[in-house]
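Chains as they are written, first to last, in the working numbering: chain R, 207 to 490; chain W, 410 to 727.
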Amino acid sequence: MLQPISKTLELKSIQYRRKILTIIKQANSGHTGGSLSAVDILNVLYNHVMNVSPENFQDTNRDRFIQSKGHSVEALYVVLADKGFYPEAALDTLNQYGSHFIGHPTRKVNGIEQNTGALGHGLPIAVGTALAAKKDGRSYRVFTLLGDGELEEGSNWEASMSAAHYGLDNLVVIVDYNGLQITGRVETVTGITNLREKFTAFGYAVREVNGNSIPELIAVFAQLPFEAGKPNLVLAHTTKGKGISFIENQVDWHHHVPTDAEFATAMAELDTAQAAWGASNGTW
Amino acid sequence: MEPGKANLEVFAATLLRLAQADPDILVVTSDSRGSGKLTPFAKALPEQIVEIGIAEQNLVGVSAGLASAGKKVFAVSPACFLTARGLEQIKNDVAYSDNPVKVVGISAGVSYGALGTTHHSLHDLAVLQAINNIDIVVPADNFETQMVIETAVSHPRPLYIRFGKAAMPHLHAPDVHFEIGKAITLATGDDVTFIAIGETVPRAVQASHLLAAQGIAAGVMSMHTLKPLDETAVLHAARHSQAIITVEEHSVYGGLGSTVAALLMQNRLSLPFKIVGIPDEYTVTGSQNEIFAHYGITGEGLADTAQQLLAAPVKVGM
């Protein structure tokens, strides 16, 4: 038997996927594949792991989340709305003239810590924030989500040197390892492979999980910190486009917007997934 | 002008004094503590210096993270690397995310002399001016330096501070009023006004002395803040002078001169005007002094420029 929390989160992920596709369809733009890839990680972090909420967002001791792969912002917007940072209706303005809800995270949206979007920026900022916590003797943790294609940016490896050098075991780096970037398979674009070995060599305590498995994500984050004095790295093996059969593992869906027919099929697949959990639509 | 120290030394000493009283002040360096004169700081306050190694992108990103958590961060690195390699981090992590880092470019302009173009920063003012939400200050002498650092600690916005490394003469009395965004007038004269920035300012003062001996009254302004520009001071000078000459240790494109020119044009002020800086060419090899002399950034060179500008007939239309 799964824990009740696990079932709650499974149902949330289904609803988040509905909402992600809905707002992308409505805006007629968005990063579909990456948002579906990352949403289970965000779900577990925000609903089970991190001490952050609208109530404590100004509190120095809150946990921090910095989404370095900023293009998957639709997933983040949907999760933050569910957490109560703003009304869900605000997402109707996604990418519209004058909206704060733009195609990459900005601090004009309540709940977002840093403006990101250019790749390779989140980890250095997270390192600085985690270092400040150490210097101040505070216990908050700093989580950052990176893409695997993003690891081609050298600034990640610069920041990794500092993370290990300063022993930042309050830093949690999660790689959304879906294997695809806009041009094609990451390993054929630049051959960035052996990530476990690379991160281990850079001084991280590394764990590998299925990044679309709620129970596995719950289990791995329960082990934080993995090793005292070492930064934590979760290599989260994910499927780009996860949850919708015809979007999964398709390079073309990096920022493709579903047609009316595709949208209907996707919603039907999510209904089926929800039915398998024995819950009726919208009761999560 | 009384001789003083290198502004860098005053920067480091001021920062050490302030940091001893405020543990939230941090210095972040990229293997640059020696060139930043920060070795005494590192010895006195080892917990308040963060070494990043030779990695300028990370230097700026980490500084942004520290500042977001409430630290008063001075990110110190040679201007040439900091504002080129770290530019996207300055643009996004500092300015756009509004993390109030004090970005300190040292050994700026042609301070590194014969080390060559890789080590010169003649682009930094141009690129940073085009980025929203970062103020830009280039102090001229030791007093301006001390006061900009004292001000910077509690400056609520991102700030770029640019230093050379030459010993600078004192331009001001110790009690000079310094305020970010307010030019300091060093001399007034209605024939020509030099609007100068950073280590070129004493050369403009020398030029004003040479011109005075020839009966030409030259004003001199230390425009230590490039952004936000003291528009009132520029417009006042333009309305009370026959000619304006801007002087900067920077490309003639995109720095002080271009900015002043745009301001004058948009206020319908047309008068003899010259931008003195480093021209758009492979910079001549030499020390900072030799490079300055080559491009006319000396008392004599600037006085000559003023005389030519005042002597030339004013053309109207074609």
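Glycine is no exception: its CB is placed at the ideal position from the N, C-alpha and C atoms.
- DSSP, read as helix, strand or coil, puts residue 630/W in strand.
- Residue 301/R and residue 388/R have their C-alpha atoms roughly 21 Å apart.
- Residue 362/R carries a helical assignment under DSSP once its states are collapsed to helix, strand and coil.
- In summary, residue 483/R is exposed, with fewer than 16 beta-carbon neighbours lying within 10 Å of its beta-carbon over all protein chains present.
- Per DSSP, the unbroken alpha helix (DSSP H) holding residue 535/W starts and ends at 533-538.
- Across the set 669/W, 495/W, 700/W and 706/W, the C-alpha of 706/W shows the shortest separation from the C-alpha of residue 685/W.
- As computed with DSSP, residue 605/W is found in a beta bridge with 631/W and 656/W.
- In this structure, DSSP gives residue 253/R a helical state, which the three-state scheme calls helix.
- For the set 454/W, 461/W and 584/W, the Cα lying nearest the Cα of residue 440/W is the one of 461/W.
- Bridge partners of residue 501/W according to DSSP: none are assigned.
- In this structure residue 552/W is in contact with residue 581/W, their Cβ atoms being roughly 5 Å apart against a cut-off of 8 Å.
- The secondary-structure analysis by DSSP pairs residue 411/R across a beta bridge with 438/R.
- Sequence-distant Cβ neighbours of residue 267/R in its own chain, meaning closer than 8 Å and more than five residues away, are 257, 344, 345 and 346.
- In the three-state reduction of the DSSP assignment, residue 640/W falls in the helix class.
- Runs of the alpha helix (DSSP H) lying entirely within the stretch 660-718 of chain W and spanning at least 4 residues, in chain order: 665-675 and 697-703.
- For the C-beta of residue 480/W, the chain R residues within less than 7 Å are, from N- to C-terminus, 338.
- In the assembly as shown, residue 679/W is an exposed residue. Its beta-carbon has fewer than 16 other beta-carbons within 10 Å.
- Burial state of residue 480/R is buried, judged by a 10 Å Cβ sphere holding 16 or more other Cβ atoms.
- Scanning its chain for C-beta atoms nearer than 6 Å, with the 5 sequence neighbours on each side dropped, one finds around residue 333/R the residues 365, 368 and 369, in chain order.
- Residues of the stretch 315-345 of chain R with a Cβ closer than 9 Å to any Cβ of chain W, in chain order: 319, 320, 321, 322, 323, 324, 326, 327, 328, 329, 330, 331, 332, 333, 334, 335, 336, 337, 338, 339, 341, 342 and 344.
- For residue 505/W, the residues of chain R that pass the 7 Å Cβ criterion are 321, in the order they occur in the chain.
- Residue-level contact check: residue 461/W touches chain R, since one or more beta carbons of chain R fall below 9 Å from its beta carbon.
- Close to chain R, meaning a Cβ-Cβ distance shorter than 9 Å, are the following residues of the stretch 496-527 of chain W: 497, 498, 500, 501, 502, 505, 506, 507 and 508.
- Distance from the CA atom of residue 335/R to the CA atom of residue 645/W, rounded to whole angstroms, is 45 Å.
- Rounded to whole angstroms, the Cβ separation of residue 241/R and residue 216/R is 18 Å, and the two are not in contact under 8 Å.
- Residue pairing from DSSP places residue 273/R in a beta bridge opposite 351/R.
- Going by beta carbons, residue 561/W and residue 659/W fall outside the 9 Å limit.
- Looking at the DSSP output, residue 571/W bridges to 514/W.
- Here residue 451/R is exposed, its C-beta having fewer than 16 other C-beta atoms within 10 Å.
- Approximately 16 Å separates the beta-carbon atoms of residue 348/R and residue 321/R; this is outside 8 Å, ruling out the contact.
- Between residue 285/R and residue 262/R the beta-carbon gap is near 16 Å, outside 8 Å, which marks them as no contact.
- Here residue 315/R has 283, 286, 291, 292, 306 and 307 as same chain residues with Cβ atoms under 8 Å from its own Cβ, once five neighbours each way along the sequence are excluded.
- The shortest C-alpha to C-alpha distance from residue 413/R to any of 329/R, 458/R and 426/R is the one to 426/R.
- DSSP places residue 422/W in the uninterrupted alpha helix (DSSP H) bounded by 416-430.
- Using a Cβ-Cβ cut-off of 9 Å, residue 348/R counts as an interface residue toward chain W, since at least one Cβ of chain W sits closer than that to its own.
- Taking 9 Å as the cut-off, the beta carbon of residue 424/R is found no closer than this to the beta carbon of residue 226/R.
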